[in-house]
Amino acid sequence: MSDPTRLPDLASRALGGAVLAANDESFAAKENLVLPHPAQALPGFGHRGKEYDGWETRRRRSPGSDWAIVRLGVPGIVSAVVVDTAHFTGNFPPQASVECAAVEGHPTVAELERADWQPLLPLSDLAGDTANTFPVDSARRVTHVRLTITPDGGVARLRVHGTAVPDPRLLDAGPVDLAALENGALVTGVSDAFYGRPVQLVSPGLARSMGEGWETRRRRGEGNDWVELSLACEGVVTLAELDTSYFLGNAPGSASLTGSGPDGEVVVLPRTRLQPDTRHRLVLDGGPAVDRVRLDVFPDGGMARLRLWGRPTAAGREALGRRWFDALPDVQALEVLQGAGVAPAEAGRLVGARPLGADLTPPVARLVQGRGR
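Under the UniProt record's numbering, the residues of the sequence shown are numbered 1 to 373, in order.
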């Protein structure tokens, strides 16, 4: 993608991201770093001094740097980092770096401090009151990042833009939302996004207002508006949810879903009448498999969420599994293989020989292809 900042912010609190620890937050709380909305200029002073919508440490009187550890809401491959110093002018850090780690399960802060941290962004110069944007060249899936500021100061937001790479083992338990950002779906095209971003259609949770959906401008000519999605993987959709919650006088009059897959273009949902402020849950026949879907709304309007529940095909699940395993950092890949019962020597050989080949031993096949394959 030419502009990696158009990819989802994997660290956003809206996706479940969290700041787990920081060595200092004397002036402003670490949790502000991952808030989804832009930083605001706050008036006045509080008990700790000037109020800032960001994370700010004390003035350092000894050598060293300050740091904050962030758990990504959605693990994935990072393409860009934004260290936003909005409204920090005389108190921003002159430099920052970012490291990344990939950890199994739900680690404690103490366990994260012992993790295998790898460079993601080298020590780089920052400007004050600026969204400092840095492209990242990485092919590895990460679960956590650590922001280090040198030597001290304030950062309003940390954005970690990238592509979601879900753990496919979590998708084997039952039907999954193939259109969910957290499962690896991605918005690939849109006709109009004047009022609301289409990525919000596939974001977690229910919308809490009209501003948390996708909305187009009022159409004055012929045609209709649309959004295109790349699904988490190839699968068969059996339940569609078209949610117009909070859209009252501006919901689409109707909508349809068209998919494409190994059998070409197929109708997933024929043009169907919609009601305002309603979660439309529609059971489908489960036709041919698709890996891309286009939502058409007629003629225009807004929608809060799009959910496409179904099951991955065997080919889709294997493609997802291979992408995930091949993107794991070496240490985590070894841990995953040994947890699956692969001998240490064989695990080391497989990790060093990635991408995986066609011949898979049973333990590796179960990881990559899923249970019951």
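From the three backbone atoms N, C-alpha and C, an ideal C-beta is built for every residue, glycine too. Bear in mind that the values here come from a model prediction, so they are computed numbers and not experimental data.
(1) Please state whether DSSP places Arg-366 in a helix, a strand or coil.
(2) Identify which residue in Gly-213, Arg-279, Arg-208 has its Cα closest to the Cα of Asp-243.
(3) Going by the DSSP bridge assignment, what does Val-78 pair with across the sheet?
(4) Please work out which residues of its chain come closer than 7 Å, Cβ to Cβ, to Asp-129, disregarding the five sequence neighbours upstream and downstream, and give them in chain order.
(5) Name the two residues that bound the continuous beta strand (DSSP E) containing Phe-134.
(6) Any idea which residues DSSP pairs residue 391 with across the strands?
(7) With DSSP run on the structure shown, which of helix, strand or coil describes Pro-168?
(8) Among the residues of its own chain, which have a CB less than 8 Å from the CB of Val-283, if the five just before and after it don't count?
(9) If you measure between the beta carbons of Leu-126 and Ala-96, is that distance less than 8 Å?
(10) For Gly-184 and Val-202, which I take to be in contact (beta-carbon distance under 8 Å), what is that distance rounded to the nearest angstrom?
(11) Is the separation between the beta-carbon of Gly-302 and that of Glu-215 shorter than 8 Å?
(12) Kindly give me the distance between the Cβ atoms of Glu-297 and Gly-259, rounded to whole angstroms, as I take these residues to be in contact under 8 Å.
(13) Going by other Cβ atoms of all chains shown within 10 Å of its Cβ, with 16 needed for buried, is Glu-234 buried or exposed?
(14) Put Gln-118 into one of helix, strand or coil per three-state DSSP.
(15) Put Asp-330 into one of helix, strand or coil per three-state DSSP.
(16) If you reduce the DSSP assignment to three classes, tell me which class Gln-338 lands in.
(17) Can you round the beta-carbon distance between Tyr-52 and Gly-196 to whole angstroms, since I take them to be within the 8 Å contact cut?
(18) Tell me whether residue 376 is buried or exposed, calling it buried when 16 or more other Cβ atoms sit within 10 Å of its Cβ.
(19) Sort Arg-71, Gly-310, Asp-167, Arg-61 by Cα distance to Asp-326 and report the nearest one.
(20) State the CB to CB distance for the pair Gly-310 and Leu-178, rounded to an integer number of angstroms; the pair is presumed to be in contact (CB under 8 Å).
(21) Helix or strand or just coil, what does DSSP make of Leu-33?
(22) Is Pro-61 buried or exposed, if buried means 16 or more other CB atoms sit within 10 Å of its CB?
(23) Which residue comes first and which comes last in the alpha helix (DSSP H) that contains Val-351?
(24) Using the C-alpha atoms, what's the distance from Val-81 back to Thr-5?
(25) What is the DSSP secondary structure of Pro-198, reduced to helix, strand or coil?
Let me spell this out:
(1) Within the sequence shown, residue 366 is the residue found at index 366, counting from 1. It is helical.
(2) Position 243 of the sequence shown, counting from 1, holds the residue named residue 243. For Asp-243, the closest C-alpha among the options Gly-213, Arg-279, Arg-208 is that of Arg-279.
(3) By 1-based counting over the sequence shown, the position of residue 78 is 78. Per DSSP, Gly-162.
(4) The residue you call residue 129 lines up with position 129 of the sequence shown. Cβ within range, chain order: Thr-85, Ala-86, His-87, Phe-88, Thr-89.
(5) Your numbering for residue 134 matches position 134 in the sequence shown. Unbroken beta strand (DSSP E) run through Phe-134: 131 to 135.
(6) The chain is shown from 1 up to 373; residue 391 falls before or after that span and cannot be answered.
(7) By one-based count along the sequence shown, residue 168 stands at place 168. Reduced to three states, the DSSP call for Pro-168 is helix.
(8) Counted from its first residue, the sequence shown places residue 283 at position 283. Same-chain partners within the cutoff: Thr-238, Leu-239.
(9) By one-based count along the sequence shown, residue 126 stands at place 126. By one-based count along the sequence shown, residue 96 stands at place 96. It is a contact, given that the beta carbons lie within the stated cut-off.
(10) For the purposes of this step, residue 184 is taken as residue 184 along the sequence shown, with counting starting at 1. For the purposes of this step, residue 202 is taken as residue 202 along the sequence shown, with counting starting at 1. Not quite, the Cβ-Cβ distance comes to about 10 Å (not below 8 Å), so this is no contact.
(11) Counting from one through the sequence shown, the residue named residue 302 turns up at place 302. Counting from one through the sequence shown, the residue named residue 215 turns up at place 215. Closer than 8 Å, so yes.
(12) What you label residue 297 is simply residue 297 of the sequence shown in a count that begins at 1. What you label residue 259 is simply residue 259 of the sequence shown in a count that begins at 1. It is worth fixing the name first, because residue 297 is Val in this sequence and not Glu. Val-297 to Gly-259, Cβ: 16 Å. No contact.
(13) Taking the sequence shown and counting its residues from 1, the one referred to as residue 234 is at position 234. Glu-234 comes out buried.
(14) Taking the sequence shown and counting its residues from 1, one reaches residue 118 at position 118. Strand.
(15) Counted from its first residue, the sequence shown places residue 330 at position 330. For Asp-330, the secondary structure class from DSSP, reduced to helix, strand or coil, is helix.
(16) As a working mapping, residue 338 is identified with position 338 in the sequence shown. In the structure shown, Gln-338 sits in a helix (DSSP, three-state: H, G or I).
(17) In the sequence shown, counting from the first residue as 1, residue 52 sits at position 52. In the sequence shown, counting from the first residue as 1, residue 196 sits at position 196. Actually they are not in contact, since the Cβ atoms of Tyr-52 and Gly-196 sit about 28 Å apart, beyond 8 Å.
(18) No statement about residue 376 is possible, as the shown extent of the chain runs from 1 to 373 and does not include it.
(19) Taking the first residue of the sequence shown as position 1, residue 326 is located at position 326. Among Arg-71, Gly-310, Asp-167, Arg-61, the Cα nearest to that of Asp-326 belongs to Asp-167.
(20) On the sequence shown, position 310 is the one that residue 310 refers to. On the sequence shown, position 178 is the one that residue 178 refers to. Confirmed, Cβ separation roughly 5 Å.
(21) In the sequence shown, counting from the first residue as 1, residue 33 sits at position 33. Helix at Leu-33.
(22) The sequence position of residue 61 within the sequence shown is 61, counting from 1. Correcting the residue type first, residue 61 is Arg in the shown sequence and not Pro. Arg-61 is exposed by the Cβ-count criterion.
(23) Looking up residue 351 in the sequence shown gives position 351. Run containing Val-351: 344 to 352, per the alpha helix (DSSP H) assignment.
(24) Numbered from its first residue, the sequence shown carries residue 5 at position 5. Numbered from its first residue, the sequence shown carries residue 81 at position 81. Those two C-alpha atoms are separated by around 8 Å.
(25) Position 198 of the sequence shown, counted from the first residue, corresponds to residue 198. Reduced to three states, the DSSP call for Pro-198 is helix.
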